[in-house]
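Take 375 as the starting number for the sequence shown in the numbering used here and just add one per residue. C-beta atoms are modelled at their ideal positions from N, C-alpha and C, and glycine is treated no differently. From a predicted model like this one, the values you see are computed outputs, not experimental measurements.
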Amino acid sequence: MSIQKIGWIGLGNMGNPMVKNLVKAGFEVTVYNRTKAKAEALQKEVNIEVANSITELLIDSDAIITMLTDDNALTEVYTGDQGILANLTDKKFLAIDMSTVSPETTKKLSRSAADKGISYIDAPVSGSVKPAEDAQLIIMAGGEKADFEAAQPIFGALGKLSLHLGANGAGNNAKLAINLFLAITIQGLSEALVFAQDNGIDPTKFLDIVNNGAVGSGITKIKSPMILNDDFKAAFALKLLAKDLRLAAAAGMKHPAGIAVAESFDQAETAGLGDLDMMAIIKHLGYQN
Ligand code: NAP
């Protein structure tokens, strides 16, 4: 299957830069977003068509890509009255979901799609807004190998690495594992910095120690300015990482750090920090700017 026309659903923090990269790579992209104003704003910047409904996307797309908040949003977009499965046309397409959702939801939706002759792959991404803008995402895929191969031109336009990991749900499981590691790292950085601050160490100097040493990493370097500038505008919202930890728990996460970190992120979300960046966990833990 050669893919040229893409129907894209979901223009949030991630969907927006990803669509720009597909256009840059020469794909013809039509977008649908629940809040249409976001699609119209993007249309002013790049050459895309804006659809009024999901049905409109199905008429002529070779692939339908979803980049949505969570399991509920994805399920609604697939199984709702106005959704994909209820409005199929004769046109066959490859369904690619890039949201972070549970492997269970993927298995359910991929089975329903297969019943109607539609191939489906889960292909969640690692990397936040900056890697999305720079086409440097890492794509973790589950589904038929042939479908993964067919999606290579798309993945090549969005990321620096894509891996086929197994049957449907394998991409989701890999994504939950990497976000478990991310959450423990962010929590660890926050606890260490608050401990240092409580004991009289200057945060700027402490972050210099972290970032010049072996425990420093891409994520500690990216998030250091956010901490020092007290600017926690969401690149990756805290509530989304809390969601991913709940999904990991449902998928069998059982070790102490993960369980404690999941609780910490849940508490921070309940305390009202959910719409800030995940790094705002440090505020919840008592960091004073
Ligand atoms: P976001 O900014 O919250 O955008 C979510 C998108 O989903 C919006 O387009 C929203 O539409 C749409 N949506 C939500 N509920 C819907 C529903 N019921 N029906 C139709 N559309 C619905 O999220 P994001 O940061 O782009 O993340 C998208 C996915 O990627 C999430 O699963 C997240 O966990 C994952 N992810 C995020 C990052 C990151 O750094 N941000 C990194 C890797 C993976 P409206 O515009 O109408 O609200």
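Check: On the three-state DSSP scale, how would you describe residue 473?; Outcome: coil
Check: Reducing DSSP to helix, strand and coil, say where residue 518 ends up.; Outcome: coil
Check: Is the beta carbon of residue 425 sitting closer than 8 Å to the one on residue 404?; Outcome: yes
Check: Between the C-alpha atoms of residue 471 and residue 618, what's the straight-line distance to the nearest angstrom?; Outcome: 16 Å
Check: Does DSSP classify residue 451 as helix, strand or coil?; Outcome: helix
Check: Quick one: using the 10 Å Cβ neighbour count with 16 as the cut-off for buried, is residue 440 buried or exposed?; Outcome: buried
Check: Look up residue 438 in the DSSP assignment and give the residues it is bridged to.; Outcome: 381, 469
Check: Which ranges would you report for the beta strand (DSSP E) in the stretch 387-434 if only whole runs of at least 3 residues count?; Outcome: 402-406
Check: Taking Cβ to Cβ, would you say residue 629 is nearer than 8 Å to residue 642?; Outcome: no
Check: Rounded to whole angstroms, what's the CA-CA distance from residue 523 to residue 468? Just pull it up for me.; Outcome: 11 Å
Check: Nearer than 7 Å: is that true of the beta carbon of residue 473 relative to any heavy atom of the ligand NAP?; Outcome: yes
Check: Would you check whether the ligand NAP has a heavy atom nearer than 7 Å to the C-beta of residue 387?; Outcome: yes
Check: Alpha carbons only, please: which of 520, 557, 466 is nearest the one belonging to residue 639?; Outcome: 557
Check: Does the stretch 569-582 come into contact with the stretch 489-509, if we say contact requires no fewer than three beta-carbon pairs (one atom in each stretch) closer than 8 Å?; Outcome: no
Check: DSSP three-state call for residue 513: helix, strand or coil?; Outcome: strand
Check: What is the DSSP secondary structure of residue 658, counted as helix, strand or coil?; Outcome: helix
Check: Can you give me the start and stop residues for the beta strand (DSSP E) that residue 444 sits inside?; Outcome: Residue 444 -> no beta strand (DSSP E), and no H or E assigned at all.
Check: Roughly how many angstroms lie between the CA atoms of residue 604 and residue 568, to the nearest whole one?; Outcome: 14 Å
Check: What residues in its chain sit with their C-beta under 8 Å from that of residue 481, if we drop five residues either side in the sequence?; Outcome: 542, 543
Check: Thinking just about the alpha-carbon of each residue, which of 551, 490, 442 is nearest to the one in residue 390?; Outcome: 442
Check: Could you work out which residue in 622, 631, 551 is closest to residue 562 when comparing CA atoms only?; Outcome: 631
Check: Suppose the cutoff is 6 Å on Cβ atoms and the five residues either side in sequence are ignored; what does the same chain contact list for residue 553 look like?; Outcome: 618
Check: Under 8 Å between the Cβ atoms of residue 459 and residue 497?; Outcome: no
Check: For residue 496, list the residues DSSP reports as bridge partners.; Outcome: 471, 516
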